[in-house]
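Engineer: Sharing a structure below in structure tokens format, with a few things to ask.
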Amino acid sequence: MLTHNITREIGIDMGHRVTYHGSKCHNLHGHRYKIQATVSGPLYASGEQEGMVLDFGFLKEEMLQEIDQKCDHTMCLWIDDPLLNVLINACDRRLTELREELNFQNGACELILEHSLGGRLYLVPFVPTAENLAKHWFERLKDRITIRTEDRARLVKVKVWETPNCSAEYS
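When we follow our numbering, the leftmost residue of the sequence shown carries the number 249, and every step to the right adds one.
Put into structure tokens, the structure is as follows:
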């Protein structure tokens with residue numbers, strides 16, 4: 249069966265660090281991430297989305313809810329980043345409690361922590377590289393796209409641009 253592909257893009261500002269990297273990427277820094285999601289499927293034959301795989305606005309809504317609302321203007325850190333101990337001590341929570349909370353969420357891959365000294369932290373169980381973020385956001389979006397299209401279409405790829413010259417994708 250022939251299918252069509254559509255792609256929607258959003259942008260977020262997020263900080264991170266690549267904890268043990270040998271270059272300046274081990275420092276806290278930020279990026280203007282560009283995230284593209286590609287959905288593949290047949291065209292609707294009738295109704296509101298006739299002639300579409302999925303309305304671009306619907307895809308945007310899912311991306312904003314799963315990526316923008318949770319990650320925009322946050323600091324994304326690996327739950328085992330030693331720097332997190334300093335930040336956690338500053339807000340008087342134990343790192344072990346956070347790890348338990350992260351593991352407790354049965355399949356959820358992130359924990360959002362807000363504290364007065366440093367704002368929002370987006371804690372993940374992996375080093376937040378572009379490659380890992382592409383997979384993470386793919387996993388966050390795939391079921392939502394399947395449900396939104398009533399099992400007609402599938403998320404096939406998420407591409408993450410960390411800089412204008414560097415990107416990673418997961419499919």
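Beta carbons are placed, not taken as given, at the ideal position from N, Cα and C, and that holds for glycine.
What residues in its chain sit with their C-beta under 7 Å from that of Arg280, if we drop five residues either side in the sequence?
Structural biologist: Residue 280 sits at position 32 when you count from the first residue of the sequence shown. Gly259 and Asp261, listed in sequence order.
Engineer: Might you give, ordered along the chain, the residues of its own chain that have their beta carbon closer than 6 Å to the beta carbon of Lys405, omitting 5 neighbours on each side?
Structural biologist: Your numbering for residue 405 matches position 157 in the sequence shown. Here the set comprises Thr286, Glu417 and Ser419.
Engineer: What number of angstroms, rounded off, separates the C-alpha of Glu387 from the C-alpha of Glu314?
Structural biologist: Residue numbering aside, residue 387 sits at position 139 when the sequence shown is read from its first letter. Residue numbering aside, residue 314 sits at position 66 when the sequence shown is read from its first letter. So the two alpha carbons sit approximately 10 Å from each other.
Engineer: With DSSP as the reference, label Asn253 as helix, strand or coil.
Structural biologist: Reading the sequence shown from its first residue, position 5 is the one you call residue 253. DSSP places Asn253 in strand when its eight states are reduced to three.
Engineer: Looking at the structure shown, is His269 part of a helix, part of a strand, or coil, going by DSSP?
Structural biologist: In the sequence shown, the residue the question calls residue 269 occupies position 21. Here His269 sits in coil by DSSP.
Engineer: Count the C-beta pairs between the region 295-303 and the region 318-331 that are closer than 8 Å, then say yes if the count reaches three, no if not.
Structural biologist: Result no; under three Cβ-Cβ pairs closer than 8 Å.
Engineer: Suppose only complete runs of 4+ residues qualify. What are the alpha helix (DSSP H) ranges in the region 293-323, listed by chain order?
Structural biologist: Given a length threshold of 4 residues, each whole run of the alpha helix (DSSP H) inside the region 293-323 is given here in chain order: 304-311.
Engineer: If you draw a straight line from the alpha carbon of Phe306 to that of Arg392, how long is it in whole angstroms?
Structural biologist: Counting from 1 along the sequence shown, the entry for residue 306 is found at position 58. Counting from 1 along the sequence shown, the entry for residue 392 is found at position 144. Distance between the alpha carbons of Phe306 and Arg392 is about 10 Å.
Engineer: For the alpha helix (DSSP H) that Ala382 lies in, which residues bound it at each end?
Structural biologist: For the purposes of this step, residue 382 is taken as residue 134 along the sequence shown, with counting starting at 1. Looking at the DSSP string, the run of the alpha helix (DSSP H) that includes Ala382 is Ala378 to Arg396.
Engineer: Can you determine whether any heavy atom of the ligand ZN sits closer than 7 Å to the C-beta of Leu276, and answer yes or no?
Structural biologist: The ligand ZN is not among the ligands present in this structure, which contains no ligands whatsoever.
Engineer: Less than 8 Å separating the beta-carbons of Ser288 and Ala378?
Structural biologist: Position 40 of the sequence shown, counted from the first residue, corresponds to residue 288. Position 130 of the sequence shown, counted from the first residue, corresponds to residue 378. No, they are not a contact pair.
Engineer: Could you compute how far the alpha carbon of Thr411 sits from the alpha carbon of His277?
Structural biologist: As a first step, residue 411 must be located in the sequence shown, where it is residue number 163. As a first step, residue 277 must be located in the sequence shown, where it is residue number 29. Whole-angstrom Cα-Cα distance: 12 Å.
Engineer: Tell me, to the nearest whole angstrom, how far the beta carbon of Val372 is from that of Cys324; I am working on the premise that it is less than 8 Å.
Structural biologist: Here residue 372 is taken as the residue at index 124 of the sequence shown, counted from 1. Here residue 324 is taken as the residue at index 76 of the sequence shown, counted from 1. With 8 Å as the limit, Val372 and Cys324 qualify as a contact, their Cβ atoms being about 6 Å apart.
Engineer: So, is Ile272 buried or exposed, given that buried needs 16 or more other C-beta atoms within 10 angstroms?
Structural biologist: Taking the first residue of the sequence shown as position 1, residue 272 is located at position 24. The identity of residue 272 in the sequence shown is Lys, whereas the question assumes Ile. Exposed, by the Cβ-count rule.
Engineer: What's the C-alpha gap between Asp399 and Met311?
Structural biologist: Position 151 of the sequence shown holds residue 399. Position 63 of the sequence shown holds residue 311. When rounded, the distance between both Cα atoms is 18 Å.
Engineer: Whole angstroms is fine: what's the gap from Asp328's alpha carbon to Arg396's?
Structural biologist: For the purposes of this step, residue 328 is identified with residue 80 of the sequence shown, where counting begins at 1. For the purposes of this step, residue 396 is identified with residue 148 of the sequence shown, where counting begins at 1. Those two C-alpha atoms are separated by around 35 Å.
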